Amino acid sequence: MLTGTLQDWLDSNVTGLRISCNRCGHHPLVPVWYLVSRLGATTTYKEIETAMKCSKCGGKNVTAERMRERDPTLAWNAKKVT
Ligand SMILES: [Zn+2]
Numbered sequence: 012m013l014t015g016t017l018q019d020w021l022d023s024n025v026t027g028l029r030i031s032c033n034r035c036g037h038h039p040l041v042p043v044w045y046l047v048s049r050l051g052a053t054t055t056y057k058e059i060e061t062a063m064k065c066s067k068c069g070g071k072n073v074t075a076e077r078m079r080e081r082d083p084t085l086a087w088n089a090k091k092v093t
């Protein structure tokens, strides 16, 4: 279970959220700045979790991992935050 607000994540250099769909395997990387621009920096993970669903198959059984990008311009070069 992830905790905190989007601002907390930015403060600890978390720059992306890897959403993995447990039904179809779709796993997009969503930049935190995009979530902030859509939802606001005070949004908590719990609020995001209840709203998350797969953009490909519509499944709600998804897993999220926080990612830290080594280079912010290279989304595919992200490293999992533990
Ligand atoms: Zn899916």
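Here the sequence shown is numbered in my numbering, starting from 12 and rising by one per residue.
We put the CB at the ideal spot given by N, CA and C, even for glycine.
The structure presented is a predicted model; accordingly, all values stated were derived computationally and were not measured.
Straight-line Cα distance separating L46 from L40: Taking the sequence shown and counting its residues from 1, one reaches residue 40 at position 29. Taking the sequence shown and counting its residues from 1, one reaches residue 46 at position 35. Each residue's Cα considered, the two are about 11 Å apart.
Beta bridge counterpart(s) of P42 as assigned by DSSP: Position 31 of the sequence shown, counted from the start, is the residue given in the question as residue 42. The partner list for P42 (beta bridge, DSSP) reads G27.
DSSP-derived helix/strand/coil call for V73: Translated into the one-based positions of the sequence shown, residue 73 becomes position 62. Note: V73 maps to strand in three-state DSSP.
Status (buried if at least 16 other CB within 10 Å, exposed otherwise) for W87: Here residue 87 refers to the residue found at position 76 when the sequence shown is read from its first residue. Interpretation of W87 is limited by its pLDDT of 49, a score under 50 that renders its predicted location unreliable; no figure is taken from the coordinates.
CA nearest to the CA of C35, picked from K67, V43, R79: Taking the first residue of the sequence shown as position 1, residue 35 is located at position 24. C35 has its Cα closest to that of K67, out of K67, V43, R79.
Close-in-space but distant-in-sequence residues of the same chain around C32 (CB under 6 Å, 5 per side omitted): Taking the first residue of the sequence shown as 1, we reach residue 32 at position 21. C65, G70, V73, listed in sequence order.
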